[in-house]
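Engineer:
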Amino acid sequence: MLFSAPAKVDLTSQPPRGLRRRWHIRMVACGANHTCVIDDDGTALAWGCGDCGRLGRNPAVRDWSRGHGGLHPLAKQRGCPPDLVQGLEGLYAVNVACGSWHTALLVSKESPRDTAGEVYTFGSGLGGQLGLGDVRQSHRAQKVEHVPACSLVRAGKFMTAVVTAKNQTVYCWGSQGCGMFFPTPARIPLADSIRCGPVVDIACSSDCVTILTAGVGPEYFTEVIERRVAETRQARQELEEHQLARARHVQSEVLLAAARRMQAFVRAVQARRIFARQVARVYVNRPQGGLDPSVPLSTSVNGPREFLNVVTGEVFVNRPPVLESATVPLAEEILAAGVLQRTIRRTQARKALFELTRQVFETCYSEEHQRLFFYNTRTGESRWTSPVGFYQ
-11 MLFSAPAKVD LTSQPPRGLR RRWHIRMVAC GANHTCVIDD DGTALAWGCG DCGRLGRNPA
49 VRDWSRGHGG LHPLAKQRGC PPDLVQGLEG LYAVNVACGS WHTALLVSKE SPRDTAGEVY
109 TFGSGLGGQL GLGDVRQSHR AQKVEHVPAC SLVRAGKFMT AVVTAKNQTV YCWGSQGCGM
169 FFPTPARIPL ADSIRCGPVV DIACSSDCVT ILTAGVGPEY FTEVIERRVA ETRQARQELE
229 EHQLARARHV QSEVLLAAAR RMQAFVRAVQ ARRIFARQVA RVYVNRPQGG LDPSVPLSTS
289 VNGPREFLNV VTGEVFVNRP PVLESATVPL AEEILAAGVL QRTIRRTQAR KALFELTRQV
349 FETCYSEEHQ RLFFYNTRTG ESRWTSPVGF YQ
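The end of the sequence shown is residue 380 by my numbering, with every number in the run present.
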């Protein structure tokens, strides 16, 4: 038998009151001011404070207040009796969790004895804890989309977390104290999954989610380690066989020097462009004797030119030296170009040698010695060591 009592009542002086109707309750969850239970036939009932729809039903009008325009109903529900959760017609509730302002249920379409089901939520969505993609409240149970069938559901103050039944994946939505906000379900990856077994349980507080995983046995741990090592070795081998990866081991110092030269070159070009723009603002190229007011600005004037410094008022017949310095090639450009040219030539030479060597030599396997050897198709000679240029 299930009893319910106010949180601030002394149970020694006032015994709890039983529910008015007999229900075979098999699961119960409590929030801040409400309670939700599931009976044997998969029916979900809720009672307590019904503000923001946390009981899963439309607010009942218990009183009226006089205001502007006449009487207005009061929707505040502080002591609602047990009643069915709306929105679950033809479905069976198999698990329940209550937050401060919302309720989450796992619902099955087949049987009330199922251990997994789809996620339904109702109540306040102010923190995104309903997982419906908005912050509105819901007075009836609504399905949370894009989440597979789950076996566990937990609710915090403004968040909800579930564990999928198929592969024990953790999904979470809502908000927490540090400012994170997820109005739709988000998959939570484990930090060190190689040392974790299946997820056993989860718990939610107002600021965090705690995940409990099963212990890892020696056989399982060894199998995972061997598989991960093999995958890592294969990935490294594929990387080393890539042409760009093989080229990085050759002339690495030259390439590094070229990269540094190019970096200096880019910075020098940027500085030169800024300097040229600043100089162009100071010096004005105009016809000698100044501008003729009778000639439009769009009309080109043939004849000798002069340069006017708009800051100092000086006039230069010849091009000022400062303008010449803005266009003179930098030493870094010439040096960087030479380094890159030599690097490109070396790369082309290595590529040509590699293609020629691959045409002459073939890789063969010796069953007697259990190792590879290299056969020269032109001379008929064999060798154990790889010829020069066979690998880039």
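Ideal Cβ placement from N, Cα and C applies to all residues, glycine included.
Keeping to the same chain, check which residues put their C-beta closer than 6 Å to that of V25; ignore five residues upstream and five downstream.
Structural biologist: Here the question's residue 25 lines up with position 37 in the sequence shown. Same-chain partners within the cutoff: I13, V16 and L33.
Engineer: According to DSSP, is F342 part of a helix, a strand, or is it coil?
Structural biologist: Taking the sequence shown and counting its residues from 1, the one referred to as residue 342 is at position 354. In this structure, F342 counts as helix in the three-state DSSP scheme.
Engineer: On a CA-only basis, which of C86, A104 and P136 is nearest M147? Give me that one, please.
Structural biologist: What you label residue 147 is simply residue 159 of the sequence shown in a count that begins at 1. When each option's Cα is compared against that of M147, the closest is C86.
Engineer: What does the alpha-carbon distance come out to for the pair G144 and V197?
Structural biologist: For the purposes of this step, residue 144 is taken as residue 156 along the sequence shown, with counting starting at 1. For the purposes of this step, residue 197 is taken as residue 209 along the sequence shown, with counting starting at 1. Taking the straight line from one Cα to the other gives about 8 Å.
Engineer: Determine the burial state of N83: buried for a count of at least 16 other Cβ atoms within 10 Å of its Cβ, exposed for fewer.
Structural biologist: On the sequence shown, position 95 is the one that residue 83 refers to. That one is buried.
Engineer: Can you have a look at I332 and say buried or exposed, based on whether 16 or more other CB atoms are within 10 angstroms of its CB?
Structural biologist: Reading the sequence shown from its first residue, position 344 is the one you call residue 332. Per the 10 Å Cβ criterion, exposed.
Engineer: Taking the Cβ atom as the reference point for each residue, do F11 and R42 lie within a distance shorter than 7 Å?
Structural biologist: As a position in the sequence shown, residue 11 is number 23, starting the count at 1. As a position in the sequence shown, residue 42 is number 54, starting the count at 1. Sequence inspection shows Trp at residue 11; the Phe mentioned does not correspond to that position. No; because the gap between Cβ atoms is not below 7 Å, this pair is not in contact.
Engineer: What span of residues does the beta strand (DSSP E) with P173 cover, start to end?
Structural biologist: For the purposes of this step, residue 173 is taken as the residue at position 185 of the sequence shown. Residues F169 to I176.
Engineer: H134: buried (16+ other C-beta within 10 angstroms of its C-beta) or exposed?
Structural biologist: Along the sequence shown, one-based indexing puts residue 134 at 146. The residue in question, H134, is exposed, as its Cβ has fewer than 16 Cβ neighbours within 10 Å.
Engineer: G41 by DSSP, collapsed to three states: which one?
Structural biologist: Position 53 of the sequence shown, counted from the start, is the residue given in the question as residue 41. Correct three-state label for G41: helix.
Engineer: Roughly how many angstroms lie between the CA atoms of A250 and Q258, to the nearest whole one?
Structural biologist: Here residue 250 refers to the residue found at position 262 of the sequence shown. Here residue 258 refers to the residue found at position 270 of the sequence shown. This sequence places Met at residue 250; Ala is not what is there. If you take the alpha carbons of M250 and Q258, they lie about 12 Å apart.
Engineer: State the Cα-Cα distance for the pair R175 and A191, rounded to the nearest angstrom.
Structural biologist: Counting from one through the sequence shown, the residue named residue 175 turns up at place 187. Counting from one through the sequence shown, the residue named residue 191 turns up at place 203. Computed Cα separation, rounded: 16 Å.
Engineer: Is it right to say C352 is buried, meaning 16 or more other beta carbons lie within 10 angstroms of its own, or is it exposed?
Structural biologist: Start at 1 with the first residue of the sequence shown, and residue 352 comes out as number 364. With fewer than 16 Cβ atoms within 10 Å of its Cβ, C352 is classed as exposed.
Engineer: I want to know whether the stretch 97 to 104 touches the stretch 113 to 128 - three or more CB-CB distances under 8 Å.
Structural biologist: Touching, no.
Engineer: Per DSSP, what are the beta-bridge partners of M15 in this structure?
Structural biologist: Within the sequence shown, numbered from 1, the residue matching residue 15 stands at position 27. Paired residues: I26.
Engineer: Whose C-beta lies closer than 8 Å to the C-beta of T287 among residues of the same chain, with five residues either side of it excluded?
Structural biologist: Walking along the sequence shown from the start, residue 287 turns up at place 299. Any reading at T287 must be qualified, since the residue scores a pLDDT of 45, below 50, and its modelled position is unreliable; no value is offered.
Engineer: Going by C-alpha to C-alpha distance, which of H357, A340 and Q222 sits closest to F378?
Structural biologist: Locating residue 378 in the sequence shown gives position 390, where the first residue counts as 1. Answer by Cα proximity: A340.
Engineer: Report the rounded CA-to-CA distance for E302 versus L296, giving the unit in angstroms.
Structural biologist: Position 314 of the sequence shown, counted from the start, is the residue given in the question as residue 302. Position 308 of the sequence shown, counted from the start, is the residue given in the question as residue 296. Answer to the nearest angstrom: the Cα atoms are 6 Å apart.
Engineer: Could you check how far apart the C-beta atoms of Y271 and L328 are, in whole angstroms? I think they sit under 8 Å.
Structural biologist: Residue 271 sits at position 283 when you count from the first residue of the sequence shown. Residue 328 sits at position 340 when you count from the first residue of the sequence shown. Not really, about 34 Å apart at Cβ, beyond 8 Å.
Engineer: Can you give me the C-alpha to C-alpha distance between Q336 and V376, rounded to a whole angstrom?
Structural biologist: Numbered from 1 along the sequence shown, position 348 holds the residue referred to as residue 336. Numbered from 1 along the sequence shown, position 388 holds the residue referred to as residue 376. For Q336 and V376, the distance between alpha carbons rounds to 16 Å.
Engineer: For V298, which residues from the same chain have a beta carbon less than 7 Å from its beta carbon, with the 5 sequence-adjacent residues on both sides left out?
Structural biologist: Translated into positions along the sequence shown, residue 298 becomes position 310. V270 and V272, listed in sequence order.
Engineer: Taking C-alpha atoms, which residue in A153, A149, F169 and V141 lies nearest to C160?
Structural biologist: In the sequence shown, counting from the first residue as 1, residue 160 sits at position 172. C160 has its Cα closest to that of A149, out of A153, A149, F169 and V141.
Engineer: Should G44 and Y80 be called a contact, given that it needs their Cβ atoms to be closer than 7 Å?
Structural biologist: Locating residue 44 in the sequence shown gives position 56, where the first residue counts as 1. Locating residue 80 in the sequence shown gives position 92, where the first residue counts as 1. Result no, Cβ atoms of G44 and Y80 do not sit closer than 7 Å.
Engineer: Consult DSSP for L118 and reduce its assignment to one of helix, strand or coil.
Structural biologist: Translated into the one-based positions of the sequence shown, residue 118 becomes position 130. Here L118 sits in coil by DSSP.
Engineer: Could you please give the first and the last residue of the uninterrupted beta strand (DSSP E) stretch that includes H158?
Structural biologist: Here residue 158 refers to the residue found at position 170 when the sequence shown is read from its first residue. The sequence given here has Val at residue 158, not His. If you look at V158, you'll find it in the beta strand (DSSP E) that goes V158 to S163.
Engineer: Can you name the start and end residues of the beta strand (DSSP E) that L140 belongs to?
Structural biologist: Numbered from 1 along the sequence shown, position 152 holds the residue referred to as residue 140. L140 -> beta strand (DSSP E) spans C138 to A143.
Engineer: Helix, strand or coil for T91 per DSSP?
Structural biologist: Position 103 of the sequence shown, counted from the first residue, corresponds to residue 91. Strand at T91.
Engineer: Where does R142 land, buried or exposed, given buried means 16+ other C-beta within 10 angstroms?
Structural biologist: Numbered from its first residue, the sequence shown carries residue 142 at position 154. With 16 or more Cβ atoms within 10 Å of its Cβ, R142 is classed as buried.
Engineer: Could you tell me the distance, in whole angstroms, from the CA atom of R124 to the CA atom of A92?
Structural biologist: One-based indexing of the sequence shown puts residue 124 at position 136. One-based indexing of the sequence shown puts residue 92 at position 104. Answer to the nearest angstrom: the Cα atoms are 15 Å apart.
Engineer: Would you tell me roughly how many angstroms separate the C-alpha atoms of P275 and A256, rounded to the nearest one?
Structural biologist: Start at 1 with the first residue of the sequence shown, and residue 275 comes out as number 287. Start at 1 with the first residue of the sequence shown, and residue 256 comes out as number 268. If I take the Cα positions, the gap works out to 33 Å.
Engineer: Pull up the distance between the alpha-carbon of N155 and that of W372, whole angstroms please.
Structural biologist: Counting from 1 along the sequence shown, the entry for residue 155 is found at position 167. Counting from 1 along the sequence shown, the entry for residue 372 is found at position 384. Distance between the alpha carbons of N155 and W372: 50 Å.
Engineer: Against chain B, with Cβ distances strictly below 7 Å, would S354 count as a contact?
Structural biologist: The chain inventory of the structure shown lacks chain B, comprising one protein chain alone.
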